[in-house]
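Numbering-wise, the sequence shown is residues 928 to 1330 according to our numbering. Working notes, beginning with the structure itself.
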Amino acid sequence: MTSEILFLAWESPWPAFGGGPMRMLGLLKELSKTYPVHLMVVSAKPLSAEQETELRNYAISITRVPLASATLSDKLRIAASMVTRRMPYHCALLALSFRRAPDKLKEIHAFPGVVYANYGHWGTLVRGRQARNWILDQQNADVDFWRVYATQATSVWLKLVALLNWRLAEAHFPRIYSSVGCVVSVCEADRQLTLDLAPQAQVVVIENGVDCAYYVPDRASRSVPPRLLFTGTSAPRNVLALRQFVRGVWPLVQRKLPDTELLVAGNFKPEAQVEFKQYNNIRFTGRVDDIRPYFNQSDVFIAPFEETHGSKLKIAEAMAMGMAIVSTPEGVRGFALVDGESVLIAHNKEEFATQVIALLEDPARQARLGMAAREIALSTIDWKVLGQRLIAIVEATRGCFSI
928 MTSEILFLAW ESPWPAFGGG PMRMLGLLKE LSKTYPVHLM VVSAKPLSAE
978 QETELRNYAI SITRVPLASA TLSDKLRIAA SMVTRRMPYH CALLALSFRR
1028 APDKLKEIHA FPGVVYANYG HWGTLVRGRQ ARNWILDQQN ADVDFWRVYA
1078 TQATSVWLKL VALLNWRLAE AHFPRIYSSV GCVVSVCEAD RQLTLDLAPQ
1128 AQVVVIENGV DCAYYVPDRA SRSVPPRLLF TGTSAPRNVL ALRQFVRGVW
1178 PLVQRKLPDT ELLVAGNFKP EAQVEFKQYN NIRFTGRVDD IRPYFNQSDV
1228 FIAPFEETHG SKLKIAEAMA MGMAIVSTPE GVRGFALVDG ESVLIAHNKE
1278 EFATQVIALL EDPARQARLG MAAREIALST IDWKVLGQRL IAIVEATRGC
1328 FSI
């Protein structure tokens, strides 16, 4: 069996904006340190010259497969697959894309080494066959993701689509999990959800990692006003969490500390910002190339999620940046943080506000919590640590496949 790796990526791993691409790039980098990696990207648009150049640092070859377009005929074909083959939307989209690139599908099936597939959708390509040389990286528990998404949908139409995908995923993924060599979850909770569906599957955990040599705190020049930080895109889960905080917690904080600013850093689209215009002292950065300065300019990181899936890479960043974190239990899902020692956990809006206010008034405690969180990041989720575990998983898969 060859030592080469075929890495399957949904859209380009670089530039990495958002949790999914950031995890994908971290995995790709770690694999490339030990193995020759062939990268196959399914994407709606051709890769730019800049993307090709950057990705050549980690891959000895790069192949792109066009993602099926959003034409009416494609949508009808996808809908037909969802009904007749009981596939969730993204799985049907992937299947259609590779029906139009049979030579690439043949390359995947014939690859003589380990196939590392990023996102559970890729498992669709081996449904109904044994693929013991495959490692399937979920990103999120594929079935539970849609259940949670349905609760957070912003319209009746999106809710119905999410509920349909949830039921289709329940039928689609268990057979895939049992046929691949290994499934990688981002946290123990997702691992258990996967084993509930496929008890015979080999499921391991690689947390959402962070490069602690890149994310280094530097708050020496921190100045007024007191500032809270929330990061992320305008995905429904982030909009919902921010809405719940701004409506239920922010007025309580403002009443006690009226000069406090809430900074929302990341690609929150203008249309998602509109509902927050009526509130004082909230500032949106829009898309940024480097999130680190906003951590350094802030005092307390907030994670006000009431229901979530997977784990939040933004928490990994905040830990590495030595931020004092106030979160709901769901917000820090999957991380080895301890309430009162490396994070403050709030169970309701009043408690969340109380924890935030107390931290803003106690810089020394902010520093202690932040330092403790960074130490945990260094020992548990730094890519130097996770990379060793990743290589061990690849070697175990190679060993089983070679027998």
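For glycine and all other residues, C-beta sits at the position ideal for the given N, C-alpha and C. Predicted, not measured: the structure shown is a model, and the values here were computed from it.
Alpha-carbon to alpha-carbon, residue j and residue i
{"i": "Met-1250", "j": "Arg-1219", "result": "11 Å"}
{"i": "Glu-931", "j": "Leu-1287", "result": "51 Å"}
{"i": "Ile-877", "j": "Gln-1200", "result": "In the structure as shown, the chain starts at 928 and stops at 1330, and residue 877 therefore has no counterpart that could be examined."}
{"i": "Thr-1324", "j": "Thr-961", "result": "15 Å"}
{"i": "Val-1227", "j": "Glu-1268", "result": "15 Å"}
{"i": "Ala-893", "j": "Gly-947", "result": "Beyond the ends of the chain as shown, which are 928 and 1330, falls residue 893; an answer cannot be given."}
{"i": "Leu-933", "j": "His-1017", "result": "21 Å"}
{"i": "Pro-940", "j": "Thr-1160", "result": "17 Å"}
{"i": "Ala-888", "j": "Cys-1139", "result": "This structure cannot speak to residue 888, because the chain is shown only from 928 to 1330."}
{"i": "Leu-974", "j": "Arg-991", "result": "8 Å"}
{"i": "Asn-1207", "j": "Asp-1186", "result": "10 Å"}
{"i": "Ser-959", "j": "Glu-1202", "result": "44 Å"}
{"i": "Leu-1271", "j": "Leu-1264", "result": "9 Å"}
{"i": "Arg-1118", "j": "Ile-1103", "result": "15 Å"}
{"i": "Ser-1225", "j": "Gln-1293", "result": "11 Å"}
{"i": "Trp-1093", "j": "Pro-1015", "result": "8 Å"}
{"i": "Gly-1258", "j": "Asn-1067", "result": "14 Å"}
{"i": "Asn-1194", "j": "Gly-1326", "result": "42 Å"}
{"i": "Ala-943", "j": "Ala-1247", "result": "18 Å"}
{"i": "Arg-1027", "j": "Ser-996", "result": "12 Å"}
{"i": "Leu-982", "j": "Ser-1254", "result": "35 Å"}
Residue i in three-state terms, based on DSSP
{"i": "Val-1130", "result": "strand"}
{"i": "Phe-1072", "result": "helix"}
{"i": "Thr-1281", "result": "helix"}
{"i": "Asn-1045", "result": "strand"}
{"i": "Trp-937", "result": "strand"}
{"i": "Met-1248", "result": "coil"}
{"i": "Val-1215", "result": "coil"}
{"i": "Met-1014", "result": "coil"}
{"i": "Arg-1325", "result": "helix"}
{"i": "Ala-1291", "result": "helix"}
{"i": "Val-1107", "result": "strand"}
{"i": "Ser-1269", "result": "coil"}
{"i": "Ile-987", "result": "coil"}
{"i": "Thr-980", "result": "helix"}
{"i": "Arg-1059", "result": "strand"}
{"i": "Thr-1121", "result": "helix"}
{"i": "Pro-993", "result": "strand"}
{"i": "Thr-1158", "result": "strand"}
{"i": "Val-1253", "result": "strand"}
{"i": "Leu-952", "result": "helix"}
{"i": "Asp-1064", "result": "strand"}
{"i": "Asp-1001", "result": "helix"}
{"i": "Phe-1227", "result": "Looking at the sequence shown, residue 1227 is not Phe but Val. The answer is strand: DSSP assigns Val-1227 an E or B state."}
{"i": "His-1236", "result": "coil"}
{"i": "Leu-966", "result": "strand"}
Proximity winner among the options, relative to residue i (alpha-carbon distances)
{"i": "Ile-1284", "options": "Ile-1252, Thr-1011, Met-951 and Gln-1119", "result": "Ile-1252"}
{"i": "Asp-1266", "options": "Leu-1240, Asp-1289, Ala-1294 and Ala-1300", "result": "Ala-1300"}
{"i": "Val-1151", "options": "Asn-1207, Asn-1223, Ala-1116 and Asn-1194", "result": "Asn-1223"}
{"i": "Pro-1163", "options": "Met-967, Arg-950 and Glu-1233", "result": "Glu-1233"}
{"i": "Leu-1184", "options": "Asp-1001, Thr-1281, Trp-941 and Gly-1297", "result": "Thr-1281"}
{"i": "Gln-1205", "options": "Arg-1174, Leu-1190 and Leu-1179", "result": "Arg-1174"}
{"i": "Asn-984", "options": "Ser-996, Val-964, Leu-999 and Glu-1198", "result": "Val-964"}
{"i": "Tyr-1141", "options": "Arg-1210, Gly-1326, Gly-953 and Thr-929", "result": "Gly-953"}
{"i": "Val-1131", "options": "Gly-1326, Trp-937, Pro-942 and Ala-1319", "result": "Ala-1319"}
{"i": "Leu-1091", "options": "Gln-1127, Ile-1062, Arg-1013 and Trp-1061", "result": "Arg-1013"}
{"i": "Arg-1170", "options": "Asp-1145, Ile-1209, Ala-1116 and Trp-937", "result": "Ile-1209"}
{"i": "Thr-929", "options": "Gly-1297, Pro-1039 and Glu-1302", "result": "Pro-1039"}
{"i": "His-1274", "options": "Ala-1022, Ala-1007, Ala-1291 and Pro-1256", "result": "Pro-1256"}
Sequence-distant residues of its chain with Cβ nearer than 7 Å to residue i (five each side left out)
{"i": "Ala-1192", "result": "Leu-1156, Thr-1158, Thr-1212, Val-1215, Ile-1218 and Tyr-1221"}
{"i": "Ile-1106", "result": "Note on residue identity: the sequence assigns Ser, not Ile, to residue 1106. If we look at Ser-1106 and ignore the five residues flanking it on each side, its Cβ neighbours are Val-1053, Arg-1056, Gln-1057 and Ala-1058."}
{"i": "Phe-1172", "result": "Ile-1229 and Pro-1231"}
{"i": "Arg-1316", "result": "Ile-1133"}
{"i": "Trp-1177", "result": "Leu-1189 and Tyr-1206"}
{"i": "Trp-1061", "result": "Val-1042, Ala-1044, Val-1053, Val-1107 and Gly-1108"}
{"i": "Met-949", "result": "Ala-943 and Leu-1240"}
{"i": "Lys-1276", "result": "Gly-1175 and Val-1176"}
Residues near residue i in its chain [Cβ-Cβ closer than 6 Å; skip 5 each side]
{"i": "Gln-1065", "result": "Gly-1047 and Ser-1112"}
{"i": "Val-1321", "result": "Val-1041"}
{"i": "Phe-1072", "result": "His-1236"}
{"i": "Leu-1032", "result": "Phe-1025"}
{"i": "Gln-1079", "result": "Pro-1163, Arg-1164 and Leu-1167"}
{"i": "Ala-1089", "result": "Trp-1073, Tyr-1076, Ala-1077 and Ala-1080"}
{"i": "Leu-994", "result": "Val-969, Ser-970, Ala-971 and Ser-1024"}
{"i": "Gln-1129", "result": "Cys-1109"}
Beta-carbon proximity list for residue i, same chain, < 8 Å, skipping 5 on both sides
{"i": "Glu-1134", "result": "Val-1113, Cys-1114, Ser-1238, Ala-1243, Gly-1261, Phe-1262, Thr-1307, Ile-1308 and Leu-1313"}
{"i": "Phe-1100", "result": "Gly-1047, Gly-1050, Asp-1069, Val-1070, Leu-1124 and Ala-1125"}
{"i": "Ala-1147", "result": "none"}
{"i": "Ala-1098", "result": "Arg-1013"}
Check: residue i C-beta below 7 Å from any heavy atom of the ligand ADP
{"i": "Gly-1267", "result": "With respect to the ligand ADP, the structure offers nothing, as it holds no ligand at all."}
Checklist entry - Curious, which full-length alpha helix (DSSP H) runs of at least 4 residues does the segment 1174-1211 contain? => result Secondary structure in the segment 1174-1211: the alpha helix (DSSP H) runs of 4 residues or longer, each lying completely within the stretch, are 1177-1183 and 1197-1200 in chain order.
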